[in-house]
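Undergrad: Protein chains in written order, with this note's numbering: chain A, 151 to 413; chain B, 11 to 326. Got a structure for you, written out below as C-alpha cells; questions coming shortly.
Dropping the structure here:
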C-alpha cells in the first residue's frame with residue numbers, strides 16, 4: 151500500500167477544493183484583507199495603550215495566531231467527504247480513510263503558513279517592527295510548526311464534527327476563539343486563572359508562540375527548543391488522537407448506520 | 011465457490027428516540043454464482059440498498075452471515091474489500107473539482123493498483139465507458155449519465171471480481187441508460203459477478219440471469235427474468251371508458267379475466283387479466299361493442315408482488 155501516493159492524490163483534491171474556495175484575487179482582497187483588518191485593530195490597540203512592548207506583543211501574537219486559526223479550517227474540510235458522498239467509499243477502500251483525509255485537508259495548514267507570513271510582513275512594515283533576517287529565518291520553521299500542530303488539533307475536531315456535520319462551523323469558531331483568547335496571543339496565558347492556564351498548555355499555539363517570542367526576544371536556544379518541542383508533542387498527540395477517533399467513528403458508523411449521514 | 015452467499019442476514023436501525031428499531035433486512039438468504047448477473051428487485055425502501063451496503067462492507071449486519079468469494083464480510087473485511095467494486099446511483103461519490111482521469115487515478119491509488127499499470131488501466135476504462143474525449147474535463151461539468159459512467163469506471167478500476175450496482179441508471183436519460191446496460195452486459199461476458207439493485211423491471215429483464223424479489227426487508231422469491239416477464243404479461247390490465255353494464259357483466263364472466271372494477275382514476279373501469287392469452291379476445295370484444303377509449307398497461311412491481319406471492323399462498 152502506498153500511503154504517500156494516496157496522500158499526494160488527496161492533496162490534489164484539497165488543492166482543487168481550495169481553488170474552488172479562493173481565487174488569487176479573492177484570497178488577497180477578501181481573505182487577507184479581513185485577516186489584516188483584524189490584526190491591525192489589535193496592534194493599534196497596543197499603540198493606543200502607549201506601550202511599544204504591548205504593541206510588539208500583539209503584533210507577534212496576531213501574526214502567528216492568524217496562521218493557526220487558518221489551519222483550523224482543516225476541521226471543516228474533514229466533513230466535505232460526507233457532503234460529496236465519498237466518505238463511505240473511502241472507509242471501504244483498502245488504503246483507508248486516514249491518508250485520504252490527511253491529504254485532502256493538508257492545504258489548510260499551508261494556507262495558515264502563507265497567511266501568517268504575509269500578515270507578519272505587512273504588520274512589520276506598517277508598524278516599523280524591527281525584525282532581523284536571522285530572527286525571521288529562525289521564526290519561519292516555528293510558524294510552520296504552529297500551523298502543523300494546529301492541524302493535528304483541527305483533525306481531531308474534524309473527526310468529531312464528521313459525525314455531526316452541522317456543528318462544523320460552530321466548532322471552527324469556538325476553537326478559533328479559544329486559541330485567540332487563551333493561548334497567549336493578546337495577553338500571556340499566565341494572565342488567566344491557573345486551571346485555564348494549565349488547560350491551554352495542551353492546546354496548539356501556546357508553546358509555539360512562546361518559542362517564536364523567544365526567538366524574536368533573544369530568549370536563548372534552550373527556551374526556544376523546549377517550547378518548540380512541547381508544541382511538537384502537543385500537535386503530534388492531537389494528530390494521533392484524531393486518527394484513532396476517525397477510525398473509531400468510521401467503525402461506529404458501519405455499526406449504527408451513521409457512516410452515510412450528513413447531520 | 012459462490013460469489014455471494016448470505017445466510018439469515020438481518021439488519022436493524024435505531025428509529026427515533028424511543029429506542030425502537032426498524033428492521034431493514036429480515037433473515038435474507040441468497041446465493042449468487044460466479045459470473046452471474048443477479049438482479050435485486052424491489053420498491054423503494056425494500057432493503058435492496060441495505061443488503062448491498064452490508065455485502066460491500068459499508069454496513070455491519072445485525073445478524074446472520076454474508077460472504078463474498080468465500081470471505082466473510084465481517085471477519086475478513088480487508089480481503090472482501092480487495093475483491094469488490096461498488097457503484098451507487100446518483101451524483102454523489104465523485105470529486106467534482108477533479109477531472110475524470112484524476113478521479114480514477116485517486117481511486118486506483120486507494121485500491122493500491124500498481125502505479126505502472128494505472129495509466130493503461132485508466133485509459134482502457136475511460137474508453138470503455140466512452141469518456142476518453144472528456145477525460146481532462148472537470149467532473150462538475152458532466153451530465154448525469156457521464157457521471158454514472160465514471161462511477162462505473164471507478165468501481166472497476168481495482169479489477170473487481172464482484173461488482174455491486176445500486177440503482178445505477180437512476181435519473182439517466184433512456185439513451186444513457188441503454189449504453190450503461192450494454193457495458194454491464196459486456197462485463198458479464200468477462201466473468202464479472204454483478205449484483206444489480208433496481209426497481210425497474212425492464213432493466214432487470216434486460217440484464218439479469220436471475221432476479222431476487224425483495225420487499226420490506228424480506229426476500230420473497232428468486233425468479234428467472236422470463237418467469238417475471240410472464241407474470242407481468244399475465245396480469246396485464248385494460249382500462250376502458252364508456253362500457254355498458256351489459257358489457258361489463260359479460261367481461262366478468264369472460265375466460266382469463268380476473269376482475270372488473272372501477273378504474274382508480276376517471277369514470278371508466280379496469281379489467282385485470284389472470285391470463286395474458288385472453289388479451290386479444292377481450293380487445294376484440296371491446297372494439298366490436300363500440301368501446302373506443304381503451305388503454306392497456308402492465309402492472310406495477312408492487313402489483314406483480316401481490317400476484318406472485320398471492321399465487322403461492324404466502325402473505326406479502
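All C-beta atoms, glycine included, are put in the ideal place defined by N, C-alpha and C.
Just how far apart, CA to CA, sit residue 22/B and residue 344/A?
TA: 49 Å
Undergrad: So the beta strand (DSSP E) residue 285/B belongs to, where does it begin and stop?
TA: Looking at the DSSP string, residue 285/B is not in any beta strand (DSSP E), and its letter there is neither H nor E.
Undergrad: At which residues does the alpha helix (DSSP H) containing residue 113/A begin and terminate?
TA: Residue coverage of chain A in this structure runs from 151 to 413, which leaves residue 113/A outside it and unanswerable.
Undergrad: Along the alpha helix (DSSP H) that carries residue 333/B, what are the first and last residues, could you check?
TA: Residue numbering for chain B in the displayed model covers 11 to 326; residue 333/B lies beyond these limits and cannot be assessed.
Undergrad: Residue 130/B to residue 283/A, Cα distance in whole Å?
TA: 50 Å
Undergrad: Is the Cβ-Cβ distance between residue 119/B and residue 280/A less than 7 Å?
TA: no
Undergrad: List the residues that DSSP assigns as beta-bridge partners of residue 17/B.
TA: 75/B
Undergrad: In chain order, what residues of the same chain lie with their CB nearer than 7 Å to the CB of residue 389/A, ignoring the 5 residues before and after it?
TA: Scanning its chain for C-beta atoms nearer than 7 Å, with the 5 sequence neighbours on each side dropped, one finds around residue 389/A the residues 302, 305, in chain order.
Undergrad: Where in the stretch 177 to 249 of chain B do unbroken runs of the alpha helix (DSSP H), each at least 4 residues long, occur, reported from the N-terminal end onward?
TA: 184 to 199, 211 to 217, 235 to 244
Undergrad: Please name the residues in the stretch 110 to 123 of chain B whose beta-carbon is closer than 7 Å to at least one beta-carbon of chain E, in chain order.
TA: No chain E appears in this structure, whose protein chains are A and B.
Undergrad: Please report the distance separating the alpha-carbon of residue 137/B from that of residue 291/B.
TA: 50 Å
Undergrad: Excluding the 5 residues preceding and the 5 following residue 382/A in the sequence, name in chain order all residues of the same chain whose CB lies nearer than 7 Å to its CB.
TA: Result list for residue 382/A: 295, 299, in chain order.
Undergrad: Indicate whether residue 286/B and residue 249/B have their beta-carbon atoms separated by less than 7 Å.
TA: It is not a contact, given that the beta carbons lie outside the stated cut-off.
Undergrad: So what's residue 352/A in DSSP terms, helix, strand or just coil?
TA: coil
Undergrad: Quick check on the DSSP output: the alpha helix (DSSP H) that includes residue 272/B runs from which residue to which?
TA: Unbroken run through residue 272/B is the beta strand (DSSP E), 267 to 272; no alpha helix (DSSP H).
Undergrad: How would you call residue 305/B, buried or exposed, if buried means at least 16 neighbouring beta carbons within 10 angstroms?
TA: exposed
Undergrad: Based on the DSSP output, what are the partners of residue 24/B in its beta bridges?
TA: Residue 24/B has 31/B as its beta-bridge partners, per DSSP.
Undergrad: Under three-state DSSP, which class holds residue 380/A?
TA: In this structure, residue 380/A counts as helix in the three-state DSSP scheme.
Undergrad: Beta carbon of residue 314/A, beta carbon of residue 258/A: below 7 Å?
TA: Contact: no.
Undergrad: For residue 399/A, I'd like the list of residues in its chain whose CB is within less than 7 Å of its CB, leaving aside the five on either flank, ordered along the chain.
TA: 309, 312, 313
Undergrad: Is the shortest distance between the beta-carbon of residue 239/A and the beta-carbons of chain B less than 7 Å?
TA: yes
Undergrad: Can you give me, in chain order, the residues of the stretch 58 to 70 of chain B that have a beta carbon less than 7 Å from any beta carbon in chain A?
TA: 66, 67, 68, 69, 70
Undergrad: Ignore the nearest five residues each way along the sequence and tell me which others in residue 332/A's own chain have a CB closer than 7 Å to its CB.
TA: 339, 342, 346, 350
Undergrad: Of all the residues that make up the stretch 17 to 42 of chain B, which are near chain A by a beta-carbon distance shorter than 8 Å?
TA: 23, 24
Undergrad: Tell me whether the stretch 224 to 241 of chain B and the stretch 250 to 266 of chain B touch, counting them as touching only if at least three CB pairs, one residue from each stretch, are closer than 8 Å.
TA: no
Undergrad: Distance, Cα to Cα, residue 326/B vs residue 86/B?
TA: Because the pLDDT at residue 326/B is just 37, under 50, the model does not fix this residue reliably, and the point stays unresolved.
Undergrad: Only counting the same chain, and skipping five residues up and downstream in sequence, which positions put a Cβ closer than 6 Å to that of residue 397/A?
TA: Excluding positions up to five away in sequence, the list is empty.
Undergrad: On the CB-based measure, 16 or more other CB atoms within 10 Å of its CB, does residue 14/B come out buried or exposed?
TA: buried
Undergrad: List, in chain order, every chain B residue whose beta-carbon is nearer than 9 Å to that of residue 245/A.
TA: 119, 120, 121, 122
Undergrad: If you count every other CB in all the chains shown that lies within 10 Å of the CB of residue 407/A, and 16 or more means buried, which is it?
TA: buried
Undergrad: Using a Cβ-Cβ cut-off of 8 Å (strictly less than) and excluding sequence neighbours within five positions of residue 324/B, which residues of its own chain qualify?
TA: In this predicted model, residue 324/B has a pLDDT of only 41, less than 50, meaning its place in the structure is not dependable; the value taken from the coordinates is given anyway. In chain order, 230 place their CB closer than 8 Å to the CB of residue 324/B, counting only its own chain and leaving out the 5 sequence neighbours on each side.
Undergrad: For residue 363/A, which option in 289/A, 231/A, 297/A has the closest C-alpha, if you only look at C-alpha atoms?
TA: 289/A
Undergrad: Within this structure, are the beta carbons of residue 47/B and residue 223/B separated by less than 7 Å?
TA: With respect to the 7 Å criterion, residue 47/B and residue 223/B are not classified as neighbours on the basis of their beta carbons.
Undergrad: Quick check on the DSSP output: the beta strand (DSSP E) that includes residue 409/A runs from which residue to which?
TA: Taken as a continuous stretch (DSSP letters only), residue 409/A belongs to no beta strand (DSSP E), as it is neither H nor E.
Undergrad: With burial defined as no fewer than 16 other Cβ atoms inside 10 Å of the residue's Cβ, what is the status of residue 174/A: buried or exposed?
TA: exposed
Undergrad: To the nearest angstrom, how far is the alpha carbon of residue 59/B from that of residue 50/B?
TA: 9 Å
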